[in-house]
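Presented below is the structure to which this report refers.
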Amino acid sequence: MTEETRRYSVDVFGKTIEFEIGKLALLADGAVMISCGGTDILVTAMGSKHEVDRDFFPLVVDVEERMYAAGKIPGGFFRREGRPSEKSILTARLIDRPLRPSFPEGMRIEVQVIATILSVDQTNPPDVLAINGASAALCISDIPFNGPIGAVRVGLLPSGLAMNPTLQELEDSKLDLVVAGVLNPESNEVDVIMVEAGASQVTEEEIVDALEFSKQGIREMIRIQQHMAEEIGKPKRSVSLKTHDYEAVAARFPEMQRRVEQAVREIAGNQLEKTERDHALENLLNEILLPAEMEGAPEDLLEAAKAYFDELVGRSMRRMVVEEETRIDGRRPEDIRPITCEVGLVSRTHGSGLFKRGLTQVLTLLTLGPISDMQRIDDLSPEESKRFLHHYNFPPFSVGETGILRGPRRREIGHGALAERALVNLIPDEERFPYTIRLVSEVLSSNGSTSMASVCASSLALMDAGVPLKENKAVAGIAMGLIKEEDRVAVLTDIQGFEDKYGDMDFKVAGTDEGVTALQMDMKIRGITVETMQRALAQAREARLYVLRKIREAIPEPRKELSPYAPRVVTFEVPVDKIREVIGPGGKVIHRIVAEHDVELDIEDDGRVFITAKDLASAQGARLMVEQIIREARPGEQFEGTVTRTTSFGAFVEYLPGKEGLVHISRLSDRHIPKVEDVINVGDRVKVEVTEIDNLGRVNLKAVDLEIPSHIAEASPLREERRGDGRYDQRKNPRSQQRNSSGQSGRHNDRNRGRGDQGHPRRD
């Protein structure tokens with residue numbers, strides 16, 4: 021370690037988190053190696069030297085997953101990391117959300133934060149470490165930043181709440197809660213700035229307890245970062261903040277404020293919908309600016325006037341909410357927009373649900389597939405596959421715009437993952453419902469809270485498809501908002517796009533009538549208290565129960581039968597030592613089963629068999645074939661078999677799928693048969709009986725009630741007696757005696773027949 025390298029460590033509930041600074045990425049504005057156990061992440065922060073002319077803060081967060089971190093070589097032809105995995109995108113969003121409101125308002129330099137995962141121990145998750153590393157890198161850099169931010173994960177184990185649980189502990193946890201917070205300079209208390217959670221129907225009280233518990237770890241993470249910034253932090257660079265001269269605008273347009281406030285009240289009083297409201301405000305702006313435009317006012321003044329107009333609209337809306345408890349569409353703070361639910365809209369899909377709340381409309385389509393269709397995961401996580409998928413699409417027409425379709429963007433991936441997290445704990449396990457389930461939510465119209473609408477539409481589609489949800493419980497979601505004006509706070513239920521734009525919080529809550537299954541909270545201000553979150557959770561519960569009642573009115577429980585267009589899956593187990601028999605040499609047997617019954621057949625290493633077919637009869641037929649393959653024949657059992665080949669000494673018969681036995685020529689009939697092909701040929705169906713299974717497992721058969729052609733029967737006398745060993749006594753057969761007297765050995769014939777009874781010569 022060189023003299024410039026500094027190390028800091030903090031103990032958070034028995035776990036040591038280390039920061040190393042000054043050793044790596046020496047040209048970055050800020051660089052931190054953060055470690056816990058065997059998980060190491062290099063986080064760098066860079067700010068551009070020049071400002072950019074944009075109307076938003078250009079922050080970019082990337083998470084680079086390197087497969088070497090887990091001791092893996094990437095898949096694919098090039099054996100190199102390609103596009104970011106879904107997990108890395110979700111982690112990048114997790115870092116971005118608490119950072120974004122922590123920069124000075126109006127700053128327009130480009131800021132890029134890159135978290136490169138160098139090592140993972142599959143015990144300590146890297147995402148929370150990356151949030152803390154990003155905050156630390158910004159704190160010690162010269163980039164203006166109102167940090168630090170502390171982040172922790174909280175689990176709810178059978179033994180109680182756990183701080184930063186391991187991946188193994190999370191498997192037994194009812195709650196996976198990530199909380200980021202900041203220190204309130206006035207109260208010196210930790211305020212919450214970001215929340216992300218997946219849960220197994222936990223109560224609101226348990227969530228509040230977990231939030232309070234998280235504040236202890238967050239405070240420790242903030243303290244160590246403050247210490248680092250004080251010791252080695254660079255002086256913050258001076259940057260200009262993009263502002264407008266609102267005083268000059270107010271002087272030039274003295275009637276603007278009054279007219280905006282009046283228009284906002286009229287819009288609320290008339291309960292105008294989004295389109296009418298937008299048109300009314302646009303027309304008002306044009307009326308106000310038209311005289312100045314006609315006079316040739318400077319462009320910068322007109323731009324400032326538009327920004328001031330937008331500012332006044334937001335102020336008027338917020339003031340009306342906190343002072344009069346009236347929202348822009350005329351609702352009270354706790355009111356929900358009109359809801360309609362429908363199922364079975366699309367004829368050939370396996371399930372469909374349409375959920376409409378106000379102008380927000382989402383159609384979710386469900387597809388059932390075999391277990392082999394599950395997604396294979398190739399990233400740093402220990403998870404190798406998943407059988408429940410939810411995808412979210414947000415086309416430009418849903419907001420009345422045109423746009424280029426280039427695959428899912430980060431926002432779509434994030435919203436899809438949130439809805440998936442809300443539903444996954446209600447999905448039946450593989451043993452009860454052996455299907456891969458894919459939901460696709462198509463946003464058809466958007467006016468706020470489309471992610472929660474996709475949760476509701478997905479519940480409808482799941483029940484329409486007949487998926488047996490645990491306890492038959494549906495999941496509903498609601499988006500909560502917040503308006504904070506000094507000491508006055510208003511919590512809004514079911515926010516629309518207008519309130520999302522001008523409000524301070526977007527708090528999404530999903531769950532059943534029993535408890536919460538997912539949370540996501542983003543802030544535009546510097547955090548809120550846990551008490552305010554508790555109030556929002558209580559209000560969200562009332563709204564969620566109302567939405568669930570609407571869902572049950574459309575479909576009270578999952579259908580008893582699957583769609584006729586859905587595949588049918590049959591599952592059972594075979595002994596592990598029989599798997600090779602089902603597969604056969606080179607897959608010959610399993611390919612035959614698939615071809616004969618038109619099914620998909622998957623066998624797990626533990627002997628579980630999954631058969632997927634278009635109809636139940638085909639699946640049951642394939643199952644019967646597998647069961648026949650693995651069963652052991654016993655002497656005395658009779659079967660209907662097919663002749664597969666003939667030889668001079670007998671015929672081979674497939675008496676069970678993939679299993680052959682020999683019918684020696686002497687066992688074809690009680691009469692002497694000169695030639696096998698005289699009575700039986702390849703492809704013939706013949707009834708056989710097992711006579712013997714030798715010590716090598718080879719099966720000897722005899723024909724039962726085989727029809728002998730009349731000319732053969734007339735020319736062949738009966739074999740009247742058998743010797744004690746079961747072979748025919750040739751001395752009772754005059755024809756045999758004649759053959760013996762002519763010099764042929766009866767012992768040779770007996771030996772041939774004996775070999776046929778006891779073992780198969782030249783068995784290919």
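Per my numbering, the sequence shown runs over residues 21 to 784. Just so it is clear, CB atoms sit at the ideal spot from N, CA and C, and this is done for glycine as well. All values reported here derive from a predicted model rather than from experimental measurement.
When the Cα atoms are used, V341 and A510 turn out to be separated by approximately 7 Å. Boundaries of the alpha helix (DSSP H) around A230: E224 to I252. Contact annotation: A437 and A538 have beta-carbon atoms that are not nearer than 7 Å. Under the rule that a run must span 3 or more residues, the beta strand (DSSP E) segments found entirely inside the region 177-212 read 180-183 and 195-203.
Put simply, the backbone Cα of V629 is about 43 Å away from that of I359. The count of Cβ pairs closer than 8 Å, one atom from the region 50-60 and one from the region 68-85, stays below three, leaving the stretches out of contact. Counted as a single uninterrupted DSSP element, the beta strand (DSSP E) harbouring L512 occupies residues R508 to T513. Between G180 and the set R430, V140, R128 and D196, the nearest pair of CA atoms involves D196. Distance from the Cα of V702 is smallest, within the candidate group Y412, V673, V199 and K679, for V673.
Check the Cα spacing between K521 and each of L726, K294, T384 and I308: the tightest is with K294.
Contact between H435 and S478 is absent: CB atoms are separated by about 12 Å, not below the 8 Å threshold. E38 sits in a strand when the DSSP states are folded into three classes. For L443, the secondary structure class from DSSP, reduced to helix, strand or coil, is helix. Across the structure, I137 and I109 are spaced so that their CA atoms are roughly 13 Å apart.
Within the region 586-652, the complete beta strand (DSSP E) segments at least 3 residues long are 588-593, 619-623 and 628-633, listed from N- to C-terminus. Using a 10 angstroms sphere on the CB of F414, the tally of other CB atoms reaches 16 or more, which defines it as buried. In this structure, the straight-line span from the alpha carbon of S336 to that of K634 is close to 60 Å. Burial state of K493 is buried, judged by a 10 Å Cβ sphere holding 16 or more other Cβ atoms. DSSP lists M53 and T136 as the bridge partner or partners of L62.
Spanning the alpha carbons of L187 and A217 requires a straight line of approximately 15 Å. Judged by DSSP secondary structure, K294 falls within the alpha helix (DSSP H) whose first and last residues are K294 to M314.
Excluding sequence positions up to five before and after V215, its CB lies within less than 6 Å of the CB of V199, L539 and M541, all in the same chain and listed in chain order. When the five nearest sequence neighbours on each side are left out, the beta carbons in the same chain lying within less than 6 Å of the beta carbon of E593 are those of G627 and R628, in order along the chain. With distances taken between CA atoms, I545 lies nearest to V202 out of D533, V202, K695 and T664.
One Cα belongs to P390, the other to A171, and the distance between them is close to 40 Å. In this structure, K722 sits near E709, with a CB-CB distance shorter than 7 Å.
Pairwise C-beta distances place the region 250-263 in contact with the region 126-144, as three or more of them are shorter than 8 Å.
Pairing S234 with V174, the inter-Cα distance amounts to about 7 Å. Just so you know, the alpha carbons of F417 and D211 end up roughly 38 Å apart. Around I649, the same chain offers E601, V602, P677 and G678 as residues with beta carbons nearer than 6 Å, after the five sequence neighbours per side are excluded.
A buried status is given to F659, since no fewer than 16 other beta-carbon atoms sit within 10 Å of its beta-carbon. By the Cβ test, the region 223-234 is in contact with the region 553-572, since at least three Cβ pairs between them sit closer than 8 Å. Here DSSP, grouped into helix, strand and coil, assigns L149 to helix.
Straight-line spacing of the CA atoms in V419 and S466 works out to 6 Å. Residue range E106 to L119 is occupied by the alpha helix (DSSP H) that includes K107. Contact between S193 and L177 holds: their C-beta atoms lie close to 5 Å from each other, under 8 Å.
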